[in-house]
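Encoded as structure tokens, the structure appears first; notes follow it.
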Amino acid sequence: SSSSNDTDSESSASSLSPEELQRLEEKLEETKKLISSMRNKPWSMARRIKVLRECQQFVEKYEGALGKGKGRKLYAYKVLMKKLLMGKPYGSIPRKTVPRNSTDTAMDFATLWNFRRPLQLGYYSIMFYGYYNNQRQVGWLRYRLPLAYFLVGLGCFAYSFMVLIRGMARNVNDSTGGDSDENFTFSWKLFTSWDYLIGNPETADSKIASTTTSFRESILEEQESMKDENIHLRRFLRVLANVLILAVLAGSGYLIYYVVKRSQKFSQQGWDNFGMWERNEVNIVMSLLGMFCPPLFETISALEDYHPRIALRWQLGRVFALFMGNLYTFIIALMDEINNKLVEETALRNSTNFMALIHPPIPSLLTNGSSTVAPPASINPADVPRGPCWETMVGQEFVRLTISDILTTYVTIMLGDFVRALFVRVFNYCWCWDLEYGFPSYSEFDISGNVLGLIFNQGMIWMGSFYAPGLVAVNVLRLLSSMYLQCWAVVTSNVPHERVFKASRSNNFYMAILLFILFLSLLPTAYTIVSLPPSFDCGPFSGKTRMYDVIAETIEADFPAWKHCYVTGLLCLWIFRLALYYLQAVSKSYKEANLELKKKLQMQRDDEKSKRNKVNTTVGDSMKNEEGRNVAASKKGEHNDATADSTKAKASQQSCRNSTKNKIQRGKAVAEGM
Numbered sequence: 016s017s018s019s020n021d022t023d024s025e026s027s028a029s030s031l032s033p034e035e036l037q038r039l040e041e042k043l044e045e046t047k048k049l050i051s052s053m054r055n056k057p058w059s060m061a062r063r064i065k066v067l068r069e070c071q072q073f074v075e076k077y078e079g080a081l082g083k084g085k086g087r088k089l090y091a092y093k094v095l096m097k098k099l100l101m102g103k104p105y106g107s108i109p110r111k112t113v114p115r116n117s118t119d120t121a122m123d124f125a126t127l128w129n130f131r132r133p134l135q136l137g138y139y140s141i142m143f144y145g146y147y148n149n150q151r152q153v154g155w156l157r158y159r160l161p162l163a164y165f166l167v168g169l170g171c172f173a174y175s176f177m178v179l180i181r182g183m184a185r186n187v188n189d190s191t192g193g194d195s196d197e198n199f200t201f202s203w204k205l206f207t208s209w210d211y212l213i214g215n216p217e218t219a220d221s222k223i224a225s226t227t228t229s230f231r232e233s234i235l236e237e238q239e240s241m242k243d244e245n246i247h248l249r250r251f252l253r254v255l256a257n258v259l260i261l262a263v264l265a266g267s268g269y270l271i272y273y274v275v276k277r278s279q280k281f282s283q284q285g286w287d288n289f290g291m292w293e294r295n296e297v298n299i300v301m302s303l304l305g306m307f308c309p310p311l312f313e314t315i316s317a318l319e320d321y322h323p324r325i326a327l328r329w330q331l332g333r334v335f336a337l338f339m340g341n342l343y344t345f346i347i348a349l350m351d352e353i354n355n356k357l358v359e360e361t362a363l364r365n366s367t368n369f370m371a372l373i374h375p376p377i378p379s380l381l382t383n384g385s386s387t388v389a390p391p392a393s394i395n396p397a398d399v400p401r402g403p404c405w406e407t408m409v410g411q412e413f414v415r416l417t418i419s420d421i422l423t424t425y426v427t428i429m430l431g432d433f434v435r436a437l438f439v440r441v442f443n444y445c446w447c448w449d450l451e452y453g454f455p456s457y458s459e460f461d462i463s464g465n466v467l468g469l470i471f472n473q474g475m476i477w478m479g480s481f482y483a484p485g486l487v488a489v490n491v492l493r494l495l496s497s498m499y500l501q502c503w504a505v506v507t508s509n510v511p512h513e514r515v516f517k518a519s520r521s522n523n524f525y526m527a528i529l530l531f532i533l534f535l536s537l538l539p540t541a542y543t544i545v546s547l548p549p550s551f552d553c554g555p556f557s558g559k560t561r562m563y564d565v566i567a568e569t570i571e572a573d574f575p576a577w578k579h580c581y582v583t584g585l586l587c588l589w590i591f592r593l594a595l596y597y598l599q600a601v602s603k604s605y606k607e608a609n610l611e612l613k614k615k616l617q618m619q620r621d622d623e624k625s626k627r628n629k630v631n632t633t634v635g636d637s638m639k640n641e642e643g644r645n646v647a648a649s650k651k652g653e654h655n656d657a658t659a660d661s662t663k664a665k666a667s668q669q670s671c672r673n674s675t676k677n678k679i680q681r682g683k684a685v686a687e688g689m
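Be aware that the sequence shown starts at 16, since it is given in this note's numbering, and climbs by one per residue.
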């Protein structure tokens, strides 16, 4: 009803004269003013509500037709997006219509859940590749849907490359100028690690946690450096651990290849003949391998007894090899299914019955004067037979894999974290041993493993979004829901990981992994675009030899002839631009690092000079003091000698006086006696 009202208002507005349109605009403005001043009117509440509703209906009716306000946006969404950009709606053409024999069960839950089966509503929705039409220009806007689909699909990869390279170039500045001085490690971290500009309590808590982790790393490094080990036993255990891990990787790859081949046999025999396990076997096996293999790798790595940081890198590398190996094994198995679809499509295309159903015979001829006119043959889109669409099949497999991974994550959090923590917390007081520090204990929150899981899931989205555009929306909902669920699990059920080491001191470690996964995700998509022919009756590239022919078609039809040579080199120029940008950022960061090193060397030289000057000054002062003491001692010795001589002279004089006095007294005594 709203769309019919919009159409009526648009037609009535277009039939008015300019004077009437001006009066309508003035009345519209007066109505808006009345709505804004309705509160100040001395009317009863019933009258206010009645007048307000009438005014709002008038504004909504004519505002969109005049191209103003919210009505304009609503009209543009309802009319332009559906009719002028996206082409014909659902049910108008065969590729957008559910076949008649599956209409009754198209909305059943079992049918909607099983994305692999072609006879269901999701197969013909905008979520998958096969829904979009191959009409070159849509509507009077001449929207080029096939070209837009191709450019957006490849533009996502290009934009992702650009963002990752810019981020890595920005992080190089932080990773190239690191201080490698290992003297007084704990003193430097204790007295210089705090940032006194922090004013937020949450930031302060994060800084405290970071400093604590740094201290734990340093303590463990000191303990690891003091270990004594038997080198021959250690080598044997490490070789044994790597052999076991290679066996696990090979077994997981073979298991995935086996179940994919088995599902192809089930598909040929008909999915209705099998149960829920057979229909979802591939996704369940891949999810279970991703759940149980990483803990198995961690258990086996205990034999190696590496340094914690090296052990973490090996663990991440093995989990990465597991994820990518399983995914590429899955894709290689899908290639066989794609080849089978192409063979089936060729046989169906050459079939006489199929062509007769698409082009039915003309029932009668009408004669009009001298010419004979045949009435157009009409056939319901639901009755047109559909060929196999391998692009939609690939998109369905990635959607199923993503949804299966979502459910596995949720079940793991609820059972592996919450139920485990609840059991430990309730039964710890009445158990034979301490459940919190023994078995089973609380589950640890592995930051590195969760980040690697996010990177792997992003690689799946990159790889499958070209054939299932709706997969991006599914991934956004997954990230939002899993973020809140994992935050709740961390607060209530998890404890920090025992291994406190970061995977790398470089800020670009995970960015480099993400860039490598982006490159690996681009390879299968590029291979299918370049090497495989598109399906003939589904998707925006149907009717073309290769998907990239839409670029050549656009260049020939819309570009001048002298610009063809320039357009073909744009991709190379863009790649060179990204490489130059990254190299320029790296060289700039290295220059800044060299300047910092020069400053440090200059400061060290200045410190050494000041130390030498202090040493020389101290030595000179000590020598002067020694000379002064020697001079003083010599002067004191001379003074003592002179004093001793004078004392001796005085003593001799006194002795002379005493002897003279004694002689005089003896002479007086002799004289008196006479």
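Each residue gets a CB set at the ideal place from its N, CA and C atoms; glycine is no exception.
Helix, strand or coil at residue i [DSSP, three-state]
| i | result |
| --- | --- |
| N149 | coil |
| E459 | strand |
| N295 | coil |
| F511 | Note on identity: in this sequence residue 511 is Pro, with Phe being the wrong assignment. Reduced to three states, the DSSP call for P511 is strand. |
| V94 | Confidence at V94 is low in this model, with a pLDDT of 46, below 50, so the placement of that residue should be treated as unreliable; the coordinate-derived value is given next. Residue state, collapsed to three classes: helix. |
| Y542 | helix |
| T417 | helix |
| V388 | The predicted position of V388 is uncertain, since its pLDDT is 44 and thus under 50; a value taken from the coordinates is nonetheless stated next. Residue state, collapsed to three classes: strand. |
| E35 | helix |
| D449 | coil |
| C308 | helix |
| K613 | helix |
| T191 | Residue placement at T191 cannot be trusted, given a pLDDT of 48 that sits under 50; what the coordinates show is reported in the next sentence. Note: T191 maps to helix in three-state DSSP. |
| A173 | helix |
| S497 | helix |
| P216 | helix |
| R62 | helix |
Reference residue i, options the options, closest by Cα
| i | options | result |
| --- | --- | --- |
| G464 | F335, V409, L43, N148 | F335 |
| S278 | G266, L259, V300, A262 | V300 |
| V466 | R493, T417, Y525, F454 | Y525 |
| L259 | Y273, E313, I180, T228 | E313 |
| A348 | R333, K603, K280, R328 | K280 |
| M562 | W209, L588, L166 | L166 |
| L533 | E69, C502, M475 | M475 |
| P484 | F143, F591, T407 | F143 |
| F307 | T427, M638, R159, I180 | T427 |
| A504 | Y425, I421, F73 | Y425 |
| E352 | S282, I421, Y343, Q330 | S282 |
| D420 | A600, N298, L495 | N298 |
| E406 | K222, K615, S550 | S550 |
| A572 | K47, D220, Y499, R151 | R151 |
| G410 | K42, M339, Y146 | Y146 |
| K6 | Y499, V630, F73, S59 | Not covered by the structure: residue 6. The range shown for the chain is 16 to 689. |
| M408 | P161, L264, N354 | N354 |
Endpoints, beta strand (DSSP E) assigned at residue i
| i | result |
| --- | --- |
| V434 | Element bounds for V434: n/a, residue is neither H nor E. |
Short Cβ contact (8 Å threshold) for residue i with residue j
| i | j | result |
| --- | --- | --- |
| N148 | P555 | yes |
| T417 | S302 | no |
| V439 | F345 | no |
| M478 | F531 | no |
| A163 | W589 | no |
| F481 | T560 | no |
| L535 | Q473 | no |
| L337 | S267 | yes |
| L357 | L318 | no |
| R63 | M53 | yes |
| L593 | F251 | no |
For residue i, the residue or residues it bridges with in DSSP
| i | result |
| --- | --- |
| Y158 | V153 |
Residue i: first and last residue of the uninterrupted alpha helix (DSSP H) it sits in
| i | result |
| --- | --- |
| E360 | 323-364 |
| D564 | 564-573 |
| G266 | 246-284 |
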